[in-house]
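Asks: Numbering (the UniProt record's numbering), first residue to last: 1 to 235.
1. How far does the alpha helix (DSSP H) with residue 61 in it reach, from first residue to last?
2. Keeping to the same chain, check which residues put their C-beta closer than 7 Å to that of residue 242; ignore five residues upstream and five downstream.
3. Within the 9 Å Cβ cut-off, does residue 41 reach chain D?
4. Start and end of the alpha helix (DSSP H) containing residue 33?
5. Would you say residue 136 and residue 35 are within 9 Å of each other, going by their C-beta atoms?
6. Runs of 4 residues minimum, wholly inside the region 58-113: which ones carry the alpha helix (DSSP H) assignment?
7. Have a look at residue 194 and residue 68 and give me their C-alpha separation to the nearest angstrom.
8. What residue range is occupied by the uninterrupted beta strand (DSSP E) comprising residue 134?
9. Which same chain residues end up closer than 6 Å to residue 132 when comparing Cβ atoms and leaving out the 5 residues on each side of it in sequence?
10. Going straight from the alpha carbon of residue 58 to that of residue 65, what length do you get?
11. Report the three-state DSSP secondary structure of residue 153 (helix, strand or coil).
12. Considering just the uninterrupted stretch of the beta strand (DSSP E) at residue 200, what are its terminal residues?
13. Starting from the Cα of residue 40, find the closest Cα among 186, 198, 18 and 123 and give me that residue.
14. Residue range of the beta strand (DSSP E) that residue 11 falls in?
15. Of all the options 118, 61 and 53, which has the alpha carbon lying nearest to the alpha carbon of residue 85?
16. Between the C-alpha atoms of residue 73 and residue 130, what's the straight-line distance to the nearest angstrom?
17. Taking 7 Å as the limit between beta carbons, can you name the residues of its chain near residue 21, skipping five residues before and five after?
18. DSSP puts residue 140 in a beta bridge; with which residues?
19. Residue 56 to residue 62, Cα distance in whole Å?
20. CB-CB under 6 Å to residue 80, same chain, minus the five flanking residues each way: which ones, in chain order?
21. Restricting to Cα atoms, I'd like to know which of 95, 87, 94 and 139 is closest to residue 115.
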């Protein structure tokens, strides 16, 4: 939920925020279509750091050459993974390991609440608890760096280049979790700030920017006009 606060006496709402948001979102969905597998970009160093950390915390012997991290899961997580894999096979008649875009949350009881990407094809909402986002095709869970990538942080060169910023170098998984925190997606926050600047302008005519008004008209569909704001809705 985003709340845009505007001064009643000093600002004027030029366009309806919801209408403009829907219009811009539709354009973004047509241009950008990512899959869960697109965010699995951890390096060997990232994987070793994560597996070593979990093995140390859970007093388990670390296996650096292991292709599967199932041995690092506790009893409850293994049982949850078994239920998820069985449900996937019953629903799709295919082993879960053959779906590279399947991500399942092991923090919930899958018998009561199945939280996975099989239906929506979207990675489940990230939690701040210790629950793991398991990727059956990779036989491991998402590491903190991949969660940062999911939230729009420029932790890989391709994303940093598209944003025009340096790569956010993070090798400490604990620091990565701290940076992610309970944040909102980086690009979504940028979009909301952009809409707030477009939809509101100073009340003084000399301060009002014609370019902002023109930009708002450009972003809206050409077949529909932007609904004028109701002064009673300003807050």
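Ideal Cβ placement from N, Cα and C applies to all residues, glycine included. Every value quoted in this text rests on a predicted model; they were computed, and no experiment measured them.
Replies: Straight from the coordinates:
1. Indexing the chain shown from 1 puts residue 61 at position 61. Looking at the DSSP string, residue 61 is not in any alpha helix (DSSP H), and its letter there is neither H nor E.
2. Any question about residue 242 goes unanswered here, given that the chain covers just 1 to 235.
3. No chain D appears in this structure, which consists of one protein chain only.
4. For the purposes of this step, residue 33 is taken as residue 33 along the chain shown, with counting starting at 1. Segment: none, residue 33 is in no alpha helix (DSSP H) and carries neither H nor E.
5. In the chain shown, residue 136 corresponds to position 136, counting from 1. In the chain shown, residue 35 corresponds to position 35, counting from 1. Their beta carbons are not under 9 Å apart, which means residue 136 does not touch residue 35 by this criterion.
6. 75-92
7. Sequence index remark: in the chain shown, residue 194 carries index 194 (1-based). Sequence index remark: in the chain shown, residue 68 carries index 68 (1-based). For residue 194 and residue 68, the distance between alpha carbons rounds to 43 Å.
8. Taking the chain shown and counting its residues from 1, the one referred to as residue 134 is at position 134. Here the beta strand (DSSP E) through residue 134 covers 133-135.
9. Translated into positions along the chain shown, residue 132 becomes position 132. Same-chain partners within the cutoff: 106 and 141.
10. Counted from its first residue, the chain shown places residue 58 at position 58. Counted from its first residue, the chain shown places residue 65 at position 65. So the two alpha carbons sit approximately 18 Å from each other.
11. To locate residue 153, count along the chain shown from 1; it is residue 153. If DSSP states are grouped into helix, strand and coil, residue 153 belongs with coil.
12. Locating residue 200 in the chain shown gives position 200, counting from the first residue. Per DSSP, residue 200 belongs to the beta strand (DSSP E) from 200-202.
13. As a working mapping, residue 40 is identified with position 40 in the chain shown. Among 186, 198, 18 and 123, the Cα nearest to that of residue 40 belongs to 123.
14. In the chain shown, the residue the question calls residue 11 occupies position 11. Start and end: 11-13.
15. By 1-based counting over the chain shown, the position of residue 85 is 85. Taking only the C-alpha atoms, the option nearest residue 85 is 118.
16. Start at 1 with the first residue of the chain shown, and residue 73 comes out as number 73. Start at 1 with the first residue of the chain shown, and residue 130 comes out as number 130. Answer to the nearest angstrom: the Cα atoms are 12 Å apart.
17. Numbered from its first residue, the chain shown carries residue 21 at position 21. 195.
18. Within the chain shown, the letter at position 140 stands for residue 140. DSSP output for residue 140 lists 135 as bridge partner(s).
19. As a first step, residue 56 is located in the chain shown; it is residue number 56 there, counting from the start. As a first step, residue 62 is located in the chain shown; it is residue number 62 there, counting from the start. Straight-line Cα distance between these residues: approximately 8 Å.
20. If you number the chain shown from 1, residue 80 lands on position 80. Taken in chain order, the residues that qualify are 106 and 110.
21. Taking the chain shown and counting its residues from 1, the one referred to as residue 115 is at position 115. Nearest of 95, 87, 94 and 139 to residue 115, Cα basis: 87.
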